[in-house]
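Data block below; observations after.
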Amino acid sequence: MKGILCQLTDTQLIDVTHGFPRQNVRASAFWLREVIPHFPPAVHLAVVDPGVGTGRKAIVVRAGGHALVGPDNGLLIPPARALTEGSIEVFRVAVSGDGSGDPATTWPPDPASSTFHGRDVFAPTAGRVHEAGVDSLDTLAGIEHTDSYERVRFPVCQHRDGGLVGEVLAVDGFGNVITNVPGTEIRAHVGGQIEVSGDSVPVRRTYAGVDPNESLVTIGSHGNVELAVNQGRGDDAFGVAVGDSVHLR
Amino acid sequence: MKGILCQLTDTQLIDVTHGFPRQNVRASAFWLREVIPHFPPAVHLAVVDPGVGTGRKAIVVRAGGHALVGPDNGLLIPPARALTEGSIEVFRVAVSGDGSGDPATTWPPDPASSTFHGRDVFAPTAGRVHEAGVDSLDTLAGIEHTDSYERVRFPVCQHRDGGLVGEVLAVDGFGNVITNVPGTEIRAHVGGQIEVSGDSVPVRRTYAGVDPNESLVTIGSHGNVELAVNQGRGDDAFGVAVGDSVHLR
Amino acid sequence: MKGILCQLTDTQLIDVTHGFPRQNVRASAFWLREVIPHFPPAVHLAVVDPGVGTGRKAIVVRAGGHALVGPDNGLLIPPARALTEGSIEVFRVAVSGDGSGDPATTWPPDPASSTFHGRDVFAPTAGRVHEAGVDSLDTLAGIEHTDSYERVRFPVCQHRDGGLVGEVLAVDGFGNVITNVPGTEIRAHVGGQIEVSGDSVPVRRTYAGVDPNESLVTIGSHGNVELAVNQGRGDDAFGVAVGDSVHLR
């Protein structure tokens, strides 16, 4: 993918991460939504594509002066929405041909492979969008506006039996467990305790609010409730993984 | 290594991968052969060097306007051959001195260490080749043409007993098992089934041609037969690792 | 963090590593001391910060034309000392406000989070120091010289009972075990044998001085005694991890 990009543009390539949870569109969309708004306007290429080769088209999403390029599986929509208070624009990229094209020189994309659209479709699109300019991306052949695209939804936490039922959205590299529960729900308890799936756990402003290797609940940099261990792994201590339920009371 | 490069050149550094299988020259040569031809002409630095410190010299391989810098253990030859339909040129880099030289300022390389030639020999060579220019690399002191260099050979799959005996060349980060069997051998069976080491497995154009968590055989983006699981790990499902035999019928 | 940096500067970002041992300040300081002096003068941003959110301030260390930015927990001091034969200068970065500031536009830093000072404090500082210039970093508002800062000490190996008692400082990605014992202590034994925690092990100039999968002792590129296995993992073979004692005789 970087080779194709280098053939199409001289701009600096920035590796944001190679560590998204494999094949997990929703958790990756969550991370992108946290990360992309901190960048200045740019072309962002993101590929988490368990459905590669199913005929699903590539999309480009324009929002707030940025362009996001990737698969039409919902991945790009939450970060695009976080880039603007206005509306987002979605464009579909035509893919056609007999697969004989060189990805760096053929346009619209004519994927040589059925399993590596990152190289054959998404990187060529990102390079060309960058060179055309985000404002002019719709002047590229084969790119056209669409209102029909996939969404990904983050689950909303539920109030039930005087408590909250949330879900684990993501686990970061340190093992911190990021839930879908808004931090505002526990803000009043900072300094006190709450019950997490039956166990009483201190609520602290920061990891260091408890001793090393002690569990805590905190509000992460993303604004959501996080289950953590000071200098340890929250996922191990709380025994949860992405998609699991978490009961707070 | 990047520090030395930054001392010698202002050009953009692109991280291609830090994920090659450690110490495995052949699998790394396979990956380089797949990746490097997608780049525009550049200086490529690659170090997979289980024999570091044995006195083996560094080489520079020139092919198709690119230069590849690394150890003389065969690693660079398959990607170099993939860069040109003509011939490749191999140059040997003299290494000498008492080890007191600073790698950024001493030339030819005078390695301070016996165990980190990436820093002391290969990075200084790559930086200087870049600054001299690929066309002029043989004007650098201590670099001379050679016809004596190591090759690495990829095993060829064998027709035997009405079937094919192949070998696992590499496993990618998703667990897809890449064999040495050319995709042309199974192209006629796409949509049908073949036997893999005794089990009947569907042959599909793409991972999504079977249900999630189902095994399949496909032709990868590299053109070789791949053993995979849709949204899962083929290496686990087929129970194979790099170097293992695979029987197709 | 990269997003914030890209908002503040157009300079090339170089990823040195994302592989430091998590939360281990001392081992990370060791690696930084090995790596940073190979770079030309630059702004280096390093975050290993088990105490994030405890109120500890950010520091900038100026040494040899470089600036190092990170937490005041000792991490930056060994690499800074390795950059100059003169003295180092340490500056404290004021952090204040109500947490409502955008990290790219607010200065001095006003962290929006208690758990991600990399994004909210260190990256904004590194970007601004780069743009101000290392020589002028003290002209930035909120940055002031200090002589009160944390140190990290590497343990010194001990001569005891006719042998040496050292400690494992770090284990590299190949499994090579890096001790605090200076290579000079074993230089006379290269080509012979020494006892490591009771077992006789060959001392060799390079990994390839023994057969593949055989253990050896060598002097690493950092100048310290290393316990290794040719083409294998020394940490497994010697059964040691960071912080463990090693007895040499």
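Residue numbers (the numbering used here), protein chains in the order written: chain A, 1 to 249; chain B, 250 to 498; chain C, 499 to 747. C-beta atoms are modelled at their ideal positions from N, C-alpha and C, and glycine is treated no differently.
Give the C-beta separation of residue i and residue j to the nearest angstrom, bearing in mind that I take them to be a contact with Cβ-Cβ under 8 Å.
i, j, result
"A375(B)", "V318(B)", "4 Å"
"G671(C)", "V723(C)", "Not really, about 19 Å apart at Cβ, beyond 8 Å."
"V296(B)", "F403(B)", "In fact, because the Cβ distance is near 20 Å, the residues do not count as touching under 8 Å."
"G730(C)", "N711(C)", "5 Å"
"L511(C)", "I186(A)", "Their Cβ separation, rounded to whole angstroms, is 36 Å, which puts L511(C) and I186(A) out of contact at 8 Å."
Exposed or buried, residue i, counting other C-beta atoms within 10 Å across all chains shown (16 or more means buried)?
i, result
"A490(B)", "exposed"
"A457(B)", "buried"
"D633(C)", "exposed"
"H66(A)", "buried"
"R275(B)", "buried"
"G162(A)", "exposed"
"H222(A)", "buried"
"H615(C)", "buried"
"P539(C)", "exposed"
"A639(C)", "exposed"
"G696(C)", "exposed"
Indicate whether residue i and residue j have their beta-carbon atoms separated by less than 9 Å.
i, j, result
"V414(B)", "G492(B)", "no"
"D278(B)", "L325(B)", "Note that residue 278(B) corresponds to Ala in the displayed sequence, not to Asp. Against a cut-off of 9 Å, the Cβ pair of L325(B) and A278(B) comes out as a contact."
"P601(C)", "I534(C)", "no"
"P360(B)", "D369(B)", "yes"
"D321(B)", "I337(B)", "no"
"A343(B)", "I392(B)", "yes"
"R33(A)", "R81(A)", "yes"
"V292(B)", "V378(B)", "yes"
"G440(B)", "V450(B)", "no"
Would you say the beta carbon of residue i is closer than 8 Å to some non-hydrogen atom of the ligand FAD?
i, result
"R524(C)", "No copy of the ligand FAD appears in this structure; indeed no ligand is present at all."
Take residue i as the anchor and find which of the options has the nearest alpha-carbon.
i, options, result
"G501(C)", "K2(A), V16(A), G3(A) and I4(A)", "V16(A)"
"H159(A)", "T54(A), V47(A) and V246(A)", "V246(A)"
"G551(C)", "V210(A), R128(A), G239(A) and I186(A)", "V210(A)"
"D396(B)", "P461(B), T388(B), V430(B) and V339(B)", "V339(B)"
"V727(C)", "S612(C), L714(C), G661(C) and T613(C)", "L714(C)"
"R747(C)", "G721(C), Q691(C) and D734(C)", "Q691(C)"
"L635(C)", "A561(C), G595(C) and G696(C)", "A561(C)"
"R205(A)", "G239(A), N24(A) and T218(A)", "T218(A)"
"V420(B)", "I263(B), Q261(B), Y398(B) and G268(B)", "G268(B)"
"G234(A)", "N176(A), G198(A) and R151(A)", "N176(A)"
"R305(B)", "S363(B), V378(B) and E434(B)", "S363(B)"
"N429(B)", "P299(B), G469(B), H394(B) and V452(B)", "G469(B)"
"T333(B)", "Y398(B), V310(B), G472(B) and V378(B)", "V310(B)"
"Q256(B)", "D298(B), T355(B) and Y398(B)", "T355(B)"
"R649(C)", "P548(C), L511(C), G572(C) and D734(C)", "G572(C)"
"G599(C)", "G198(A), H38(A) and Q231(A)", "H38(A)"
"P373(B)", "N273(B), D298(B) and L294(B)", "L294(B)"
"Y647(C)", "G595(C), G597(C) and R590(C)", "R590(C)"
"W31(A)", "L227(A), I178(A) and A237(A)", "I178(A)"
"N522(C)", "T637(C), L725(C), G584(C) and P548(C)", "P548(C)"
Tell me which residue opens and which closes the beta strand (DSSP E) that residue i is part of.
i, result
"Q551(B)", "The structure shown does not extend to residue 551(B), since chain B is modelled only from 250 to 498, so the question has no answer here."
"I443(B)", "Q442 to V445"
"A63(A)", "A58 to A63"
"R568(C)", "Contrary to the premise, residue 568(C) reads as Gly rather than Arg in this sequence. Note, G568(C): beta strand (DSSP E), H564 to P569."
"S200(A)", "D199 to P202"
"I676(C)", "V675 to P680"
"T644(C)", "I641 to T644"
"R651(C)", "Taken as a continuous stretch (DSSP letters only), R651(C) belongs to no beta strand (DSSP E), as it is neither H nor E."
"V190(A)", "Where V190(A) is concerned, there is no enclosing beta strand (DSSP E), given that its DSSP letter is neither H nor E."
"A726(C)", "N722 to V727"
"S215(A)", "S215 to I219"
"S245(A)", "S245 to L248"
"R205(A)", "Per DSSP, R205(A) belongs to no beta strand (DSSP E) and is neither H nor E."
"L418(B)", "G412 to V420"
"L543(C)", "V541 to L543"
Any C-beta of chain F sitting closer than 9 Å to the C-beta of residue i?
i, result
"I534(C)", "Checking the listed chains, one finds no chain F in this structure; the protein chains it contains are A, B and C."
Looking at the secondary structure, which residues open and close the alpha helix (DSSP H) in which residue i lies?
i, result
"V514(C)", "Looking at the DSSP string, V514(C) is not in any alpha helix (DSSP H), and its letter there is neither H nor E."
"P622(C)", "A621 to A630"
"P576(C)", "I575 to A580"
"S611(C)", "That residue, S611(C), is in no alpha helix (DSSP H); it is neither H nor E in DSSP."
"A276(B)", "V274 to V284"
"F736(C)", "G732 to F736"
"G276(A)", "This structure cannot speak to residue 276(A), because chain A is shown only from 1 to 249."
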